[in-house]
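> My questions all concern the structure below.
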Amino acid sequence: MRQKIAAGNWKMNKNYNDAMELAQLITEAPRNEGVLTILAVPSLYLAPLQELTHSGANIDLAAQNCHHEAIGAYTGEIAVSMIESIGVQYCIVGHSERREYFGETEDMLLKKMLLLHQSGMKPIYCCGEPLAIRKEGKHKEYVLTQLQGSLLKLTEAQIKRTIVAYEPIWAIGTGETASSAQAQEMHAAIRESIAAVYGQEVADGISILYGGSVKSSNANELFMQADVDGGLVGGASLEADEFVKIINAF
Ligand code: PGA
């Protein structure tokens, strides 16, 4: 049985008080115990939220990004070792917004994942194609090339500790969700490419999340697909009721 996961990606939203309140509401709500809930919050809020989430609430935190070098003169950046030192277990790597606006390459993403694994943390590795590629029907090739540049260079022990998120760029923040069939097709293709390198058993153990306009109204159908093991949720994770409904949609 693969781990079911509902991860909220708050991106650059919420000031301090609103963020604490949102986390508190999610913590207190009755949630499906079998689902691992992860909140990817702005780094500034990781330390203050550690206590809240470690109160037996079955919630974990993720950083939204980390730097690809271990430490040093990188003003404004945050090192994996710093995130690890406050007890955070997860970090998103390669979100399409980071790739697009900050020029992150597969080489950088591989470095980040290696640092995360060395420190005992777990990456949530994102991949996904832009609209033009989807229209050309080349989405599988495009995503496979992404995976080959970083994810599929991990060792077996490392990939087993990695969460994958498929997020078609055309569905992020647009209100347009991939159909459950489109999601399933890509998730199966991703799992197949993992199986081709590490074997079926390893591939079958890896949680692959779908991201891109997940809402309480479409979550159940998406999560019912054989290879969809949960969601990476942006906009709909900013409202406690809505996000809790998504957690409970499995
Ligand atoms: P969205 O964002 O749910 O707002 O589309 C998803 C993401 O970017 O992780």
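For the sequence shown, position 103 (counting from the first letter as 1) is numbered 585 according to the working numbering, and the numbering increases by one without interruption. Think of the CB as a built atom: it goes at the ideal place given N, C-alpha and C, for glycine as much as any other residue. From a predicted model like this one, the values you see are computed outputs, not experimental measurements.
Under 7 Å: does the beta carbon of V726 sit that close to some heavy atom of the ligand PGA?
The residue given as residue 726 occupies position 244 in the sequence shown. Checking every heavy atom of the ligand PGA against the Cβ of V726, none is found closer than 7 Å.
> On the DSSP letters alone, give me the boundaries of the alpha helix (DSSP H) that V517 sits inside.
Taking the sequence shown and counting its residues from 1, one reaches residue 517 at position 35. Note, V517: premise wrong, no alpha helix (DSSP H); beta strand (DSSP E) at 517 to 522.
> Can you find the residues in the same chain that come closer than 6 Å, C-beta to C-beta, to T587, ignoring five residues on each side of it along the sequence?
What you label residue 587 is simply residue 105 of the sequence shown in a count that begins at 1. For T587, there are no CB contacts under 6 Å within the same chain when 5 residues up- and downstream are skipped.
> When the Cα atoms are used, what is the spatial distance from Q628 to S699?
For the purposes of this step, residue 628 is taken as residue 146 along the sequence shown, with counting starting at 1. For the purposes of this step, residue 699 is taken as residue 217 along the sequence shown, with counting starting at 1. The alpha-carbon atoms of Q628 and S699 are separated by roughly 30 Å.
> Once the 5 residues before and after L518 are set aside, which same chain residues still bring their CB inside 6 Å of it?
Along the sequence shown, read from residue 1 onward, the residue named residue 518 stands at position 36. Q485, I487.
> For P703, which residues in the same chain have their Cβ closer than 6 Å to its Cβ, ignoring the five residues on either side in sequence?
The residue given as residue 703 occupies position 221 in the sequence shown. The question names Pro, but residue 703 is Glu in the sequence shown. Cβ within range, chain order: S662.
> Quick check: A653 and A647, are their CB atoms within less than 8 Å of each other?
Here residue 653 refers to the residue found at position 171 of the sequence shown. Here residue 647 refers to the residue found at position 165 of the sequence shown. In this structure, A653 lies away from A647, with their beta-carbon atoms at least 8 Å apart.
> Report the rounded CA-to-CA distance for A678 versus M502, giving the unit in angstroms.
Numbered from 1 along the sequence shown, position 196 holds the residue referred to as residue 678. Numbered from 1 along the sequence shown, position 20 holds the residue referred to as residue 502. Using only the alpha carbons, I get a separation of about 43 Å.
> How about the segment 617 to 637 and the segment 591 to 602: do they share at least three Cβ pairs that are nearer than 8 Å?
yes
> Thinking C-alpha only, which one of T644, S525, D723 is nearest I565?
Within the sequence shown, numbered from 1, the residue matching residue 565 stands at position 83. Ranking the options by Cα distance to I565, first place goes to S525.
> So for D589, helix, strand or coil by DSSP?
Taking the first residue of the sequence shown as 1, we reach residue 589 at position 107. Three-state result, D589: helix.
> Per DSSP, which residues does A545 bridge with? Please list them.
Walking along the sequence shown from the start, residue 545 turns up at place 63. For A545, which the question treats as bridged, DSSP gives the partners C573.
> Among V696, E582, N495, which residue has its Cα nearest to the Cα of A718?
In the sequence shown, the residue the question calls residue 718 occupies position 236. Of the candidates V696, E582, N495, the one whose C-alpha sits nearest the C-alpha of A718 is V696.
> Using a Cβ-based criterion (distance less than 7 Å to any ligand heavy atom), does H669 qualify as near the ligand PGA?
As a working mapping, residue 669 is identified with position 187 in the sequence shown. No, the Cβ of H669 stays beyond 7 Å of every heavy atom of the ligand PGA.
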